[in-house]
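There are 2 protein chains.
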Amino acid sequence: METKHAVTALSALAHFSRLAIFRLLVARGPQGIAAGEIGEQLAIPPATLSFHLKELHRAGLVTQRQNGRFVIYAAHFDGIGALVAFLTENCCGGNPCLATKPRSRRAPAKHARRTTSAKA
Amino acid sequence: METKHAVTALSALAHFSRLAIFRLLVARGPQGIAAGEIGEQLAIPPATLSFHLKELHRAGLVTQRQNGRFVIYAAHFDGIGALVAFLTENCCGGNPCLATKPRSRRAPAKHARRTTSAKA
DNA sequence: TCCATGTTTCCATTATCGTGGAAATGTCGA
DNA sequence: TCGACATTTCCACGATAATGGAAACATGGA
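Chains as they are written, first to last, in the numbering used here: chain A, 1 to 120; chain B, 121 to 240.
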């Protein structure tokens, strides 16, 4: 994933309504939800909802499929997975660390040295 | 984590420079980097850099500590961890699913049924 | 074919964010 | 105490995002 794409995905999620939509879809799973039902559950008017869904889709965070007159949206788990991976990529210079193993704090090997003269 | 906080964190990361800063800090690990060095590496002028670092700090994504005249910034791994957890929270209604086990696609139990009459 | 229903596009207004020079603030060493 | 250096605050301008009503665009059923 390149930075530009990651920024798009993060921007898509960085909005109250869109985050709520995404989490609703994540909770529902692959089954998905029709656009109308999303708008109903979250009290978002059609035009606004469509705008937000387009953003999420453009960012690769949701999939959409037509089902008759309905458009079913579902979370795209690979998309969010790739984003998460990107955020923690090359963590601590590639060494095992706090981000991957938050509990094993003893002896953080090579990468936990203080700055050359940091004491405060 | 509440939605409002998550939006703040996502907004903080949803910017080219800030994402670059964050990833630079993630790669460096707990050791952290002085503000000046960040600006140098990413070619961001002091005022702009300070603005972005403040955003990241406000969002709980980086920590800052004073070291003499320098201010050392480091990624706050708990912060990003909480955000990631929030994004996939209650995934597929709490059942094991695609998000947690992307490879086990057979028999996705209760949550992978099609919509009532979805065929397309 | 025509109507009802679901969804998207259009559009103009409002609000918020990003930028970076200059000045202010804080800290160290002499 | 003073000068040098690191970082932050102030500020004003330009750019971009969010909103939602109305109209347009699909689609299925009669």
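Every residue gets a Cβ at the ideal spot worked out from N, C-alpha and C, and that includes glycine.
Given the structure is predicted, the values throughout are model-derived calculations rather than measurements.
Worksheet item: What residues in its chain sit with their C-beta under 7 Å from that of Ala140/B, if we drop five residues either side in the sequence?
Response: Leu162
Fill in: Identity of the residues DSSP links to Phe190/B by a beta bridge
Asn187/B
Practice prompt. May I ask which residues mark the beginning and end of the alpha helix (DSSP H) holding Pro166/B?
Written response: 166-178
Fill in: Chain-ordered chain B contacts of Phe16/A [CB-CB under 9 Å]
Thr123, Lys124, Val127
Item to complete: Pull up the distance between the alpha-carbon of Thr63/A and that of Asp78/A, whole angstroms please.
Response: 11 Å
Fill in: Contacting positions in the stretch 142-157 of chain B - beta carbon closer than 8 Å to chain A
For the stretch 142-157 of chain B, residues whose beta-carbon sits nearer than 8 Å to a beta-carbon of chain A comprise Phe142, Arg143, Val146, Ala147, Arg148, Gly149, Pro150, Gln151, Gly152, Ala154.
Worksheet item: Taking the continuous alpha helix (DSSP H) assigned at His15/A, which residues delimit it?
Response: Counting along the chain, His15/A falls outside any alpha helix (DSSP H), and DSSP gives it neither H nor E.
Fill in: Inter-residue spacing [alpha-carbon to alpha-carbon] between Arg69/A and Gly214/B
30 Å
Worksheet item: Around the Cβ of Gln186/B, are there at least 16 other Cβ atoms within 10 angstroms (buried) or fewer (exposed)?
Response: exposed
Worksheet item: According to the Cβ coordinates, are Leu56/A and Arg18/A closer than 7 Å?
Response: yes
Worksheet item: Residue range of the alpha helix (DSSP H) that Leu61/A falls in?
Response: Unbroken run through Leu61/A: none, as it is neither H nor E.
Worksheet entry | Beta-carbon gap between Val26/A and Ala75/A smaller than 7 Å | yes
Fill in: Beta-carbon proximity check, Ala134/B vs Ser11/A, cutoff 7 Å
yes
Discussion item. At the level of alpha carbons, what is the spacing between His125/B and Cys212/B?
Written reply: Just so you know, the alpha carbons of His125/B and Cys212/B end up roughly 23 Å apart.
Worksheet entry | is_contact[Leu10/A, chain B] using C-beta, thresh 7 Å | yes
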